[in-house]
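These notes are about the structure you will find just below.
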Amino acid sequence: MFAAVIHGPGDVRYEERPDPVIVEPTDAVVRTVAACVCGSDLWRYRGIAPVPRPTPIGHEYCGVVEAVGDAVTTVKPGDFVVGGFLHSDNTCPVCRKGAHANCLHGGGYAGCQAEKIRIPNADGTLVATPSMPDDDLIPSILTLSDVMCTGWHAAVSARVGPGTSVAVVGDGAVGLCAVLAAAQLGASTVIAMSRHEERQKVALAFGASHIVAERGDAGSTAVRELTEGIGADCVLECVGTESARAQAIGCVRDGGNLGLVGLPHGDLPVNDLFWRNVGIKGGPAHCRAYLPQLLELVLARTINPGLVFDLELPLAAIGEAYAAMDQRRAIKSLVRP
Ligand SMILES: [Zn+2]
Ligand SMILES: [Zn+2]
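In numbering that gives the first Met the number 0, the protein residues as written are 0 to 336.
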């Protein structure tokens with residue numbers, strides 16, 4: 000089979016690799032229908048995170064089960080499935096609390112931008128659709144592998160609920176999905192912070208009530224003006240850089256909550272947040288916990304998070320899929336084998 004392999008900064012190749020096989024009785028092998036490039040893949044592509052040796056890459060996928068191990072009972076060959084960016088057993092004490100990203104027996108994958116993938120813990124990771132989904136639903140289903148669940152996690156972590164005011168920092172795919180999540184969870188004010196016209200359009204389609212294009216102090220001031228002068232009840236931080244975190248802290252009201260899902264770079268001023276009674280929660284999304292509910296919303300066409308994909312390429316063009324996101328020519332690239 001063929002798969003994407005990262006060799007170093009700016010160098011992702013389409014290469015022949017051994018076909019994955021069932022190793023553990025709890026494994027499944029999935030034939031990929033669609034995969035995509037994640038903002039977090041760009042850390043290595045940009046040389047910010049090291050690439051010590053050529054490494055298969057990618058962690059977002061959906062596809063059709065090709066084979067299962069003897070112990071797998073919930074999915075079978077022929078099922079269309081999606082799983083989160085981390086696998087989990089869905090049975091350990093941590094999973095039973097709904098914290099699947101921290102499963103005692105979970106972990107990551109060895110490259111999902113590939114024609115086929117081995118999925119460990121298949122029963123506790125994969126969710127099958129009732130039947131083969133319509134092709135136009137594939138992009139939205141694929142977002143459940145990461146960005147839609149991650150945006151949802153930001154909103155849940157910041158306690159977004161009916162009537163709350165929400166500001167979203169970051170207009171990448173996760174930030175846009177966080178806007179969608181906030182609107183779905185009943186927020187009455189949803190402020191998307193973005194200065195890119197195309198991304199503003201997606202945010203409005205996802206339910207943003209306001210767009211703030213300013214950044215820094217001017218951005219925080221604009222958010223306060225929309226929230227009775229005090230700042231948003233919930234701020235969803237979907238970037239992770241120090242400046243994005245500072246922006247989130249500047250936009251949240253005293254006694255409000257931050258939902259952090261951007262990969263963290265730099266420290267938080269915890270003492271300042273203590274005196275302001277600001278709550279902090281977040282981390283990698285518990286995809287498996289959110290998947291059944293979000294999959295139902297996608298299949299019912301209630302939500303359309305697939306709008307975050309504005310570029311679709313064959314898997315063989317994986318290098319261009321990365322370059323387009325790196326150069327911000329695309330919000331998010333979908334690839335099909
Ligand atoms: Zn991802
Ligand atoms: Zn577990």
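Glycine residues also receive a C-beta, built at the ideal position from the N, C-alpha and C atoms. Computed from a prediction, not measured in an experiment: that's the story for all the values here.
Paired residues, beta bridge with residue i - DSSP
{"i": "Met131", "result": "Met131 pairs with nothing; no bridge assigned."}
{"i": "Glu311", "result": "Leu333"}
{"i": "Lys115", "result": "Arg30"}
{"i": "Arg12", "result": "Val4"}
{"i": "Cys340", "result": "Residue 340 is absent from the model: the chain starts at 0 and stops at 336."}
{"i": "Asn256", "result": "Cys233, Gly278"}
{"i": "Cys61", "result": "Ala33, Val81"}
{"i": "Ala48", "result": "Answer by DSSP bridge pairing: none, since Ala48 is not bridged."}
{"i": "Met192", "result": "Val168, Val211"}
{"i": "Gly106", "result": "His86"}
{"i": "Ala66", "result": "Val28"}
{"i": "Val126", "result": "Val81"}
Neighbourhood of residue i by C-beta, 6 Å cutoff - its chain only, sequence neighbours within 5 removed
{"i": "Ala186", "result": "Val159, Thr163, Val165"}
{"i": "Val11", "result": "Ala3, Ile5, Ile317, Gly318, Tyr321"}
{"i": "Ala191", "result": "Val167, Val178, Ala202, Ala207, Ile210"}
{"i": "Ala180", "result": "Gly150, Trp151, Ala154"}
{"i": "Ala212", "result": "Arg194"}
{"i": "Val30", "result": "With the sequence shown as reference, residue 30 is identified as Arg, and Val is not the correct amino acid for it. Within the same chain, Arg30 has close Cβ partners Gly62, Val63, Glu65, Lys115."}
Pairwise C-alpha distance: residue j and residue i
{"i": "Leu293", "j": "Cys148", "result": "8 Å"}
{"i": "Gly282", "j": "Ala66", "result": "32 Å"}
{"i": "Leu136", "j": "Phe308", "result": "12 Å"}
{"i": "Pro313", "j": "Gly46", "result": "25 Å"}
{"i": "Ser130", "j": "Val81", "result": "13 Å"}
{"i": "Asp357", "j": "Ile330", "result": "A query on residue 357 cannot be resolved here, the shown segment of the chain reaching from 0 to 336 and no further."}
{"i": "Arg252", "j": "Gly258", "result": "13 Å"}
{"i": "Ala288", "j": "Arg328", "result": "33 Å"}
{"i": "Asp18", "j": "Asp88", "result": "24 Å"}
{"i": "Gly57", "j": "Gly107", "result": "10 Å"}
{"i": "Leu272", "j": "Gly62", "result": "43 Å"}
{"i": "Gly68", "j": "Ser208", "result": "48 Å"}
{"i": "Asp374", "j": "Thr25", "result": "Any property of residue 374 remains undetermined from this structure, which presents the chain solely from 0 to 336."}
{"i": "Phe84", "j": "Val22", "result": "20 Å"}
{"i": "His195", "j": "Ala113", "result": "31 Å"}
{"i": "Gly110", "j": "Thr54", "result": "8 Å"}
{"i": "Arg16", "j": "Gln183", "result": "41 Å"}
{"i": "Gln246", "j": "Ala221", "result": "12 Å"}
{"i": "Cys94", "j": "Gly169", "result": "29 Å"}
{"i": "Gly105", "j": "Ser219", "result": "39 Å"}
{"i": "Cys37", "j": "Glu59", "result": "8 Å"}
{"i": "Asp232", "j": "Val20", "result": "48 Å"}
{"i": "His86", "j": "Glu227", "result": "43 Å"}
{"i": "Ala315", "j": "Val32", "result": "14 Å"}
{"i": "Ile279", "j": "Thr128", "result": "34 Å"}
{"i": "Ile140", "j": "Val74", "result": "17 Å"}
{"i": "Leu333", "j": "Pro161", "result": "33 Å"}
Close Cβ partners of residue i (< 7 Å) along its chain, the five nearest in sequence each way excluded
{"i": "Arg244", "result": "Glu236, Gly265, Leu267"}
{"i": "Ser39", "result": "Leu262"}
{"i": "Asp325", "result": "Leu41, Tyr44, Arg45"}
{"i": "Leu306", "result": "Val201, Ala204"}
Close beta carbons around residue i, own chain, < 8 Å, minus the five adjacent residues each side
{"i": "Val50", "result": "Ile5, His6, Gly7, Pro8, Arg43"}
{"i": "Thr72", "result": "Asp122"}
At what residue ranges does the region 218-246 contain a whole run of the beta strand (DSSP E), taking only runs of 3 or more?
231-236
Which runs of the alpha helix (DSSP H), 4 residues or longer, sit entirely within the region 152-178?
none
Residues near ligand 2, criterion Cβ-heavy atom distance below 7 Å
Listed by chain position, these are Ser87, Asp88, Asn89, Thr90, Cys91, Val93, Cys94, His99, Cys102, Leu103, His104, Gly105, Gly123.
Tell me which residues pass a beta-carbon proximity test against ligand 1: closer than 6 Å to any heavy atom, given in chain order.
Cys37, Ser39, His58, Glu59, Phe84, Asp145
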